[in-house]
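Every letter in the sequence shown is one number past the one before it in our numbering, and letter 335, counting from 1, is 345.
Heads up, the beta-carbon is just placed ideally off N, CA and C, and yes, glycines get one too.
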Amino acid sequence: MSQKFSSLFSSADVHYLSALYEKYKQDPRSVEPSLAAEFKKLDEGSAGAEAAQDKPSWIPAFRLELTNPLEEDLREIKDKKGHASKDGKTNESSVGKAVLAAALKVAALVEAYRRFGHMAVPLDPLHLKPVIGHVELTPEFHGITPDEMNLEVELPLFGFKTALVKDVIRWAEATYASRIGFDFSHITDLTRRQWLQHRVESTYIDFSKQDQIEILKGLTKADLFERFLAVKFPGAKRFGLEGGDSLIPLLEFVLQYGAHQKLSEVVIGMAHRGRLSVLTNVMDKPYAAVLSEFKYGIPIHRELGSAGDVKYHMGASTDRIMADHTLHLTLMPNPSHLEAVNPVAMGKVRARQDEFKTQDAAMCVLIHGDAAFPGQGVVAECLAMSELKGFSIGGTYHIIINNQVGFTTNPDCSRSTYYSSDLAKGFDMPIFHVNGDDPEAVVFAGQIAAEYRAKFSSDVIIDLVCYRRHGHNEGDEPVFTQPKMYGIISNHPTPRIIYADKLVQSGVITQAMVEEFKTQFEQQMQKAFDETESYKSVKPDWLEGRWSHIKTDDDKSQPVTGLDLKKLQSIGEKLFTVPSHFNLNPKIARQIEQKKQMLITGKELDWGTGEALAFASLVAEGRKVRLTGQDSQRGTFSHRHAVLTDQVTEETYTPIHSLTAEKELFEVTNSLLSEASVVGYEYGYAYNSPDALVLWEGQFGDFANGAQVYMDQFISAGESKWLRKNGIVLLLPHGYEGQGPEHSSARLERYLQLCAGGNMRVVNCTTPANFFHALRRQLHSQTRKPLVVMTPKSLLRHKQAVSDLAEFGSGKTFRPVIADANLSSGQGIERIVITSGKVYYDLKTMLDGHLDKKIALIRLEQYHPFPEADIVAALKSHTGAQVIWCQEEPQNMGAWTFVRPYLEKVLEALKFKHALQYVGRPAEASPAVGSDKVHAVEQQRLVEEALNI
Numbered sequence: 011m012s013q014k015f016s017s018l019f020s021s022a023d024v025h026y027l028s029a030l031y032e033k034y035k036q037d038p039r040s041v042e043p044s045l046a047a048e049f050k051k052l053d054e055g056s057a058g059a060e061a062a063q064d065k066p067s068w069i070p071a072f073r074l075e076l077t078n079p080l081e082e083d084l085r086e087i088k089d090k091k092g093h094a095s096k097d098g099k100t101n102e103s104s105v106g107k108a109v110l111a112a113a114l115k116v117a118a119l120v121e122a123y124r125r126f127g128h129m130a131v132p133l134d135p136l137h138l139k140p141v142i143g144h145v146e147l148t149p150e151f152h153g154i155t156p157d158e159m160n161l162e163v164e165l166p167l168f169g170f171k172t173a174l175v176k177d178v179i180r181w182a183e184a185t186y187a188s189r190i191g192f193d194f195s196h197i198t199d200l201t202r203r204q205w206l207q208h209r210v211e212s213t214y215i216d217f218s219k220q221d222q223i224e225i226l227k228g229l230t231k232a233d234l235f236e237r238f239l240a241v242k243f244p245g246a247k248r249f250g251l252e253g254g255d256s257l258i259p260l261l262e263f264v265l266q267y268g269a270h271q272k273l274s275e276v277v278i279g280m281a282h283r284g285r286l287s288v289l290t291n292v293m294d295k296p297y298a299a300v301l302s303e304f305k306y307g308i309p310i311h312r313e314l315g316s317a318g319d320v321k322y323h324m325g326a327s328t329d330r331i332m333a334d335h336t337l338h339l340t341l342m343p344n345p346s347h348l349e350a351v352n353p354v355a356m357g358k359v360r361a362r363q364d365e366f367k368t369q370d371a372a373m374c375v376l377i378h379g380d381a382a383f384p385g386q387g388v389v390a391e392c393l394a395m396s397e398l399k400g401f402s403i404g405g406t407y408h409i410i411i412n413n414q415v416g417f418t419t420n421p422d423c424s425r426s427t428y429y430s431s432d433l434a435k436g437f438d439m440p441i442f443h444v445n446g447d448d449p450e451a452v453v454f455a456g457q458i459a460a461e462y463r464a465k466f467s468s469d470v471i472i473d474l475v476c477y478r479r480h481g482h483n484e485g486d487e488p489v490f491t492q493p494k495m496y497g498i499i500s501n502h503p504t505p506r507i508i509y510a511d512k513l514v515q516s517g518v519i520t521q522a523m524v525e526e527f528k529t530q531f532e533q534q535m536q537k538a539f540d541e542t543e544s545y546k547s548v549k550p551d552w553l554e555g556r557w558s559h560i561k562t563d564d565d566k567s568q569p570v571t572g573l574d575l576k577k578l579q580s581i582g583e584k585l586f587t588v589p590s591h592f593n594l595n596p597k598i599a600r601q602i603e604q605k606k607q608m609l610i611t612g613k614e615l616d617w618g619t620g621e622a623l624a625f626a627s628l629v630a631e632g633r634k635v636r637l638t639g640q641d642s643q644r645g646t647f648s649h650r651h652a653v654l655t656d657q658v659t660e661e662t663y664t665p666i667h668s669l670t671a672e673k674e675l676f677e678v679t680n681s682l683l684s685e686a687s688v689v690g691y692e693y694g695y696a697y698n699s700p701d702a703l704v705l706w707e708g709q710f711g712d713f714a715n716g717a718q719v720y721m722d723q724f725i726s727a728g729e730s731k732w733l734r735k736n737g738i739v740l741l742l743p744h745g746y747e748g749q750g751p752e753h754s755s756a757r758l759e760r761y762l763q764l765c766a767g768g769n770m771r772v773v774n775c776t777t778p779a780n781f782f783h784a785l786r787r788q789l790h791s792q793t794r795k796p797l798v799v800m801t802p803k804s805l806l807r808h809k810q811a812v813s814d815l816a817e818f819g820s821g822k823t824f825r826p827v828i829a830d831a832n833l834s835s836g837q838g839i840e841r842i843v844i845t846s847g848k849v850y851y852d853l854k855t856m857l858d859g860h861l862d863k864k865i866a867l868i869r870l871e872q873y874h875p876f877p878e879a880d881i882v883a884a885l886k887s888h889t890g891a892q893v894i895w896c897q898e899e900p901q902n903m904g905a906w907t908f909v910r911p912y913l914e915k916v917l918e919a920l921k922f923k924h925a926l927q928y929v930g931r932p933a934e935a936s937p938a939v940g941s942d943k944v945h946a947v948e949q950q951r952l953v954e955e956a957l958n959i
């Protein structure tokens, strides 16, 4: 093939074009249409053959007046006489060998601009480093000679069929290497890539005068808001937006577009940088409210049990009327942990979309930092879930506030990639790099990104290259570490000033109008400041809307969660009946038959059956149940089988769906192999959904600490900090069975350490019935609290860990404490062992062989809120007995340090004769031993010691 090109091109291009030609022969669609057309001519031996190309189906939404001199020169290109060949006639000069050679070479150069043009765009408003460009963007690389520049070639590019080589090059430069860095050549889907190509090449930046004024007003609000705060509260932390001001008009456009699309809600997740500006200038939080917080501090509602949070972590929600449409806006509250809010916002959006049964109902906007985007692993996890069935939300709109520094760390120390956004390339997302000092380019790129997201339901990224005018916070001195950057910044005008000067020079507005906008906003801010003297914070947005039926205080009594036995049997009959055509695995078929018999006899229901009845009964009541986790459809320990697989066709069947026509009420999804992002996502889903049972299951409880940020910052403390209740359920397999230090402990002690004031429920159930009631209590309680469950492993099939159907029946409730029968009747009980979880059955097995012993067992099924009254009731008649706390975890782990003060208080109040004793493994650095034989010896010893046998 190289011989076919050797007489037409320089040696530098022969290999490149030969490779393209080989791709063309395999699939003509695999190369650009313009090249395909020329290759077709070459194959046919006729340079005059017309190449067919489908015209784009889109229509540009608006066009913006060009200001770049290169672009202005090129606006006349289409009107030149040399381009009059749109009538279909072919210029005879184009049939020559030289013209064909030039056409193919310039087509290759255009393709290089599509791939690398973004590297030649002057993106940095500070010009800290020279624009490096790319070698393939030079005509010389492709063998284009000066003599070929004036040749007229046939290339169906940029809206015309023929053009001079030099004009094609200049047009490619103006399109791809001028004001916006279009970065999408990595996208593997040809349809998406061609749509972007047509969209970019068939329009140019063109705003109306009114649009330009609105952009200026957005910049004015962003700039002067921060300046006002700096003057009134010098040195106060606000993590200002200065330098990234174009974010405000960009967000305003995104919201306007969403309103035109008839979205119901836009959910925004962002960190601290620029948050106060977004709260006021986008979310419409009163300026007086923010100024009052600076002046007097954040109002803390202690009467609601709130500890509050700093002002730049707080969220907000509001309704805005845009394009004659009411758009609900939510800015998610978040901790200082960068990017942690991302999956939470995504989960909330998914819940809203499920509620409306369409992805068109809500959109997620995530605002990142340039150091955090490549640095925080949860970002990659969220990108990885973006196209997954159980987690897709129709595309997230990402914006990176790229201020070219992370606190004090330069980009060459914070990422290994050219752009901070390069991580997204692995997920086929288009990236639009823009200069923050060019707000028109920012908004124009923002429009194309929004159109792409809406069309393909896929993520998009705006890389807003800007700067940070002050240090990481306003009290920090950035000159210590970035002296050159901050020397430039100190003399650099703001985006508002730059854009205002441009509009004045172009005659769009007058300088007097610029000053009028400035004066009006300054007066508005001063008025708001004066109002802080008498400003009263509005009633907190607390338990309203879909949360209005939820109570503030926890219901101390246990709600009735049992059901009529006939109803349970009816549910079970459907649950354990599989269509006759379905080819079940023989082992699964036997399990299902066994479960049927359990329901018929009402005897010895196992753990999986109890769980299935809890889920199914809630679905039968019209409640949503959503369970995600690694391998959750089958269950890590093969106990659930919520989704069955046909052994011949691999068709799937979900038995619970037989209970309702609304299949979406039960959703069980095998998640990606991630803890952090999935826990955050489900927390966000539950954040929106008080009447849904939202569960995350750890493959083993040991692995849940991969999501520790969400346990510490959101699940345990979210209500206290942000006045936001949440009913998420964590299922964490826990129990010591000789499987080593990474498959034994869900780190119960960590959850208990986070407990205070009834902020969450932590349970360790020992019976299927109690687990059933614990799950149903989540939705039948008057309030909503996170539920952490230490779920079993060996107990899933333990002969004694079963419940009769009657224990699920009408009038039954969750039992926080289960005491042995001999405690209520027993006389002369000498030893009482209080324990929890699997070790109870080890104790019971040994005790059953020594019935002559005056020993009783008490199971603590709920740790928090601690059931003090139930413990008192169980112990009060046996004040002469020795009370033991027995656990299988090491002494510095498990529940010992949590329950000890509670139990000692009870024993002291009841005037017990003996002090509380601990029996369990000694303190260890590791949760468990690595040898199953050593484990067995340890387990036997602690059981014998607890029972004194």
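Rounded separation between residue 740 and residue 771 - CA only | Walking along the sequence shown from the start, residue 740 turns up at place 730. Walking along the sequence shown from the start, residue 771 turns up at place 761. When rounded, the distance between both Cα atoms is 10 Å.
Residue 590, buried or exposed, once every other Cβ within 10 Å from all chains shown has been counted against 16 | What you label residue 590 is simply residue 580 of the sequence shown in a count that begins at 1. So residue 590 counts as exposed.
Segment contact, 8 Å Cβ cut-off, at least three pairs: the segment 825-836 with the segment 722-742 | no
Count the other C-beta atoms from every protein chain shown that fall within 10 angstroms of the C-beta of residue 99, then say buried if there are 16 or more, exposed otherwise.
-> Walking along the sequence shown from the start, residue 99 turns up at place 89. Residue placement at residue 99 cannot be trusted, given a pLDDT of 47 that sits under 50; what the coordinates show is reported in the next sentence. Its Cβ having fewer than 16 others within 10 Å, residue 99 is exposed.
Residue interval of the beta strand (DSSP E) (run including residue 829) = Taking the sequence shown and counting its residues from 1, the one referred to as residue 829 is at position 819. Where residue 829 is concerned, the enclosing beta strand (DSSP E) stretches over 827-829.
Segment limits, beta strand (DSSP E) that includes residue 741 | As a working note, residue 741 is residue 731 in the sequence shown. Taken as a continuous stretch (DSSP letters only), the beta strand (DSSP E) holding residue 741 covers 739-743.
Answer yes or no: the CB of residue 305 versus the heavy atoms of the ligand FMN, is any distance below 6 Å?
-> As presented, the structure is devoid of all ligands, the ligand FMN included, so that no description of it is given.
Under the three-state DSSP convention, the category residue 387 falls into = On the sequence shown, position 377 is the one that residue 387 refers to. Residue state, collapsed to three classes: helix.
Between residue 961 and the rest of its own chain, which residues show a CB-CB distance below 6 Å, the 5 nearest in sequence each way excluded?
-> What is shown of the chain runs 11 to 959, which leaves residue 961 out entirely.
Please report the Cβ distance between residue 109 and residue 178, rounded to the nearest whole angstrom; I am assuming they are in contact, meaning their Cβ atoms lie under 8 Å.
-> Residue 109 sits at position 99 when you count from the first residue of the sequence shown. Residue 178 sits at position 168 when you count from the first residue of the sequence shown. No, residue 109 and residue 178 are not in contact; Cβ-Cβ is about 13 Å, not under 8 Å.
Got a sec, what are the start and stop residues for the alpha helix (DSSP H) residue 114 sits in?
-> As a position in the sequence shown, residue 114 is number 104, starting the count at 1. It spans 107-126 - the alpha helix (DSSP H) in which residue 114 sits, taken as one unbroken run.
Distance between beta carbons of residue 871 and residue 962, contact taken as under 8 Å = Here the chain comprises residues numbered 11 to 959, so residue 962 is not present and cannot be evaluated.
Which residues mark the beginning and the end of the beta strand (DSSP E) in which residue 408 is found?
-> Locating residue 408 in the sequence shown gives position 398, counting from the first residue. Counting along the chain, the beta strand (DSSP E) containing residue 408 begins and ends at 406-412.
Supposed close pair residue 924, residue 892 - CB separation, criterion 8 Å | To locate residue 924, count along the sequence shown from 1; it is residue 914. To locate residue 892, count along the sequence shown from 1; it is residue 882. So it is a contact: roughly 5 Å between Cβ atoms.
Could you spell out where the beta strand (DSSP E) holding residue 773 opens and where it closes?
-> The count along the sequence shown starts at 1 and reaches residue 773 at position 763. Unbroken beta strand (DSSP E) run through residue 773: 771-773.
Going straight from the alpha carbon of residue 556 to that of residue 274, what length do you get?
-> On the sequence shown, residue 556 is found 546 positions in, with the first residue counted as 1. On the sequence shown, residue 274 is found 264 positions in, with the first residue counted as 1. If I take the Cα positions, the gap works out to 15 Å.
What residue from 678, 915, 719 has the CA that sits closest to residue 707's CA?
-> To locate residue 707, count along the sequence shown from 1; it is residue 697. Measuring from the Cα of residue 707, the nearest candidate turns out to be 678.
Just checking, does the segment 558-572 make contact with the segment 318-338 on the three C-beta pairs under 8 Å criterion?
-> no
Would you list the residues sitting across from residue 676 in a DSSP beta bridge?
-> The residue you call residue 676 lines up with position 666 of the sequence shown. Partner(s): 635.
Please name the residue, chosen from 397, 404, 433, that lies closest to residue 410 on a Cα-to-Cα basis.
-> For the purposes of this step, residue 410 is identified with residue 400 of the sequence shown, where counting begins at 1. When each option's Cα is compared against that of residue 410, the closest is 433.
With distances taken between CB atoms, is the gap from residue 128 to residue 408 smaller than 7 Å?
-> For the purposes of this step, residue 128 is identified with residue 118 of the sequence shown, where counting begins at 1. For the purposes of this step, residue 408 is identified with residue 398 of the sequence shown, where counting begins at 1. No, Cβ-Cβ distance for residue 128 and residue 408 is not below 7 Å.
Spatial neighbours of residue 233 within its chain, please: CB distance less than 6 Å, with the 5 preceding and 5 following residues excluded, ordered by chain position.
-> Numbered from 1 along the sequence shown, position 223 holds the residue referred to as residue 233. Cβ neighbours of residue 233 beyond the five flanking positions: 255, 504, 506.
Nearest to residue 886 by CA position, among 868, 700, 203, 874, is which residue?
-> Locating residue 886 in the sequence shown gives position 876, counting from the first residue. When each option's Cα is compared against that of residue 886, the closest is 868.
What's the call for residue 164, buried or exposed, on a 16-neighbour Cβ count within 10 Å?
-> Indexing the sequence shown from 1 puts residue 164 at position 154. It counts as buried.
C-alpha gap between residue 209 and residue 116, whole angstroms | As a first step, residue 209 must be located in the sequence shown, where it is residue number 199. As a first step, residue 116 must be located in the sequence shown, where it is residue number 106. Approximately 21 Å between the Cα atoms of the pair.
Which same chain residues, not among the five before or five after residue 382, have their C-beta less than 6 Å away from its C-beta?
-> Taking the sequence shown and counting its residues from 1, the one referred to as residue 382 is at position 372. Answer for residue 382: 348, 349, listed in chain order.
Helix, strand or coil: how does DSSP classify residue 362 here?
-> The residue given as residue 362 occupies position 352 in the sequence shown. Helix at residue 362.
Any 3 or more C-beta pairs closer than 8 Å across the segment 773-793 and the segment 594-610 | no
Nearest-angstrom Cα distance between residue 292 and residue 493?
-> Within the sequence shown, numbered from 1, the residue matching residue 292 stands at position 282. Within the sequence shown, numbered from 1, the residue matching residue 493 stands at position 483. The straight-line gap from Cα to Cα measures roughly 33 Å.
Unbroken beta strand (DSSP E) runs of length 3 or more, entirely within the segment 244-328: which are they?
-> 275-280
Uninterrupted alpha helix (DSSP H) stretches inside the segment 423-500 (no shorter than 4 residues) | 449-466, 493-500
Could you pull out every residue in the same chain whose Cβ sits closer than 7 Å to the Cβ of residue 921, ignoring the five residues on either side in sequence?
-> Position 911 of the sequence shown, counted from the start, is the residue given in the question as residue 921. The answer, listed in chain order, is 889.
Alpha-carbon spacing of residue 228 relative to residue 296, whole angstroms | Numbered from 1 along the sequence shown, position 218 holds the residue referred to as residue 228. Numbered from 1 along the sequence shown, position 286 holds the residue referred to as residue 296. Roughly 16 Å between the two C-alpha positions.
Limits of the unbroken beta strand (DSSP E) element including residue 873 | Your numbering for residue 873 matches position 863 in the sequence shown. Segment 872-874, the beta strand (DSSP E) holding residue 873.
How would you label residue 154, buried or exposed, when you count the other beta carbons within 10 angstroms and need 16 or more for buried?
-> On the sequence shown, residue 154 is found 144 positions in, with the first residue counted as 1. Buried.
Check each candidate in 305, 314, 351, 302 and name the one with the smallest Cα separation from residue 325.
-> Numbered from 1 along the sequence shown, position 315 holds the residue referred to as residue 325. The shortest C-alpha separation from residue 325 is found at 351.
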